[in-house]
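S.K.:
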Amino acid sequence: MIGGYASHGYAAEALGLLEAMKRLKVKPTYITFISILNACGHTGLVEEGRRCFESMGSEFGIEPGVEHFVALVDIMGRHGQLNEAIDLINGMSANADKAAWGALLGACRIHNNVELARFAAEALMKLEPESSAPYVLLHNMYADVEQWENAAEVRKMLERSNIKKECASSWVDSMVC
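Dropping the structure here:
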């Protein structure tokens, strides 16, 4: 039920079910919190998401995994808390993976933070040296803010790396309201 509510933008209802579970002494699972955090991220419930993340360990003894950290990075990033998001990535108990850096890179594009975007893209390039995605996203971000010299530099980096740009695919980000 929580997953269904979460995937259809009904974060308040998903959070209500979590509260009902607490009252009934039903322990939520690792997956339950992934759904709750994603719902919070897509509906702007930043503080609720942060509280749920913290309650995983303190109330339920569930150690947050990479998926939970990525969801919290996404929550913070979507809502402009980029410094907090990078602090979270740097302090992850689980190693930051490409999804965490990808979420941060996407948030940087939303909020036009090119400096942090370059940092996130470079981290992605190290984690996925065969992927063109970080180059393309960084190039497009520079183009969006009309930093043509930087965009050209990223394009040259991609060409020098001999990585082929993947055709007919795109990272699509949507917000459910």
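Note that the sequence shown covers residues 94 to 270 in this note's numbering. Just so you know, even glycine gets a beta-carbon here, dropped at the ideal spot from N, CA and C. Predicted model, so just to flag it, every value in this text is computed and none were measured.
(1) Quick check: the Cα distance between W241 and L230, rounded to an integer number of angstroms?
(2) Which residue wins for smallest C-alpha separation from E147, given the options R171, V247, H161, N243?
(3) By a C-beta neighbour count over all protein chains shown, 10 Å radius and 16 as the cutoff for buried, is D237 buried or exposed?
(4) To the nearest angstrom, report how far apart H232 and A113 are at their CA atoms.
(5) How far does the alpha helix (DSSP H) with N205 in it reach, from first residue to last?
(6) Whose CA, out of K118, R116, L108, R202, lies closest to the CA of F126?
(7) Taking just the CA atoms, how far does A193 sit from L110?
(8) CB K191 to CB L165, shorter than 8 Å?
(9) How big is the Cα-Cα spacing for I95 and I155?
(10) Between which two residues does the alpha helix (DSSP H) harbouring V238 extend?
(11) The alpha helix (DSSP H) spanning L117 covers which residue range?
M.R.: Let me lay it out:
(1) Along the sequence shown, one-based indexing puts residue 241 at 148. Along the sequence shown, one-based indexing puts residue 230 at 137. If you take the alpha carbons of W241 and L230, they lie about 14 Å apart.
(2) As a working mapping, residue 147 is identified with position 54 in the sequence shown. For E147, the nearest C-alpha among the options comes from H161.
(3) Residue numbering aside, residue 237 sits at position 144 when the sequence shown is read from its first letter. When all chains shown are included, D237 counts as exposed.
(4) Within the sequence shown, the letter at position 139 stands for residue 232. Within the sequence shown, the letter at position 20 stands for residue 113. Their backbone Cα atoms lie some 46 Å apart in a straight line.
(5) Translated into positions along the sequence shown, residue 205 becomes position 112. Careful: N205 lies outside any alpha helix (DSSP H) and carries neither H nor E.
(6) For the purposes of this step, residue 126 is identified with residue 33 of the sequence shown, where counting begins at 1. Measuring C-alpha to C-alpha distances from F126 to each of K118, R116, L108, R202 identifies L108 as the nearest.
(7) Locating residue 110 in the sequence shown gives position 17, counting from the first residue. Locating residue 193 in the sequence shown gives position 100, counting from the first residue. Going from the Cα of L110 to the Cα of A193 covers about 27 Å.
(8) By one-based count along the sequence shown, residue 191 stands at place 98. By one-based count along the sequence shown, residue 165 stands at place 72. It is not a contact, given that the beta carbons lie outside the stated cut-off.
(9) Along the sequence shown, one-based indexing puts residue 95 at 2. Along the sequence shown, one-based indexing puts residue 155 at 62. Looking at the two C-alpha atoms, the distance is approximately 17 Å.
(10) By one-based count along the sequence shown, residue 238 stands at place 145. No alpha helix (DSSP H) contains V238, which DSSP labels as neither H nor E.
(11) Sequence index remark: in the sequence shown, residue 117 carries index 24 (1-based). Here L117 belongs to no alpha helix (DSSP H), and DSSP marks it neither H nor E.
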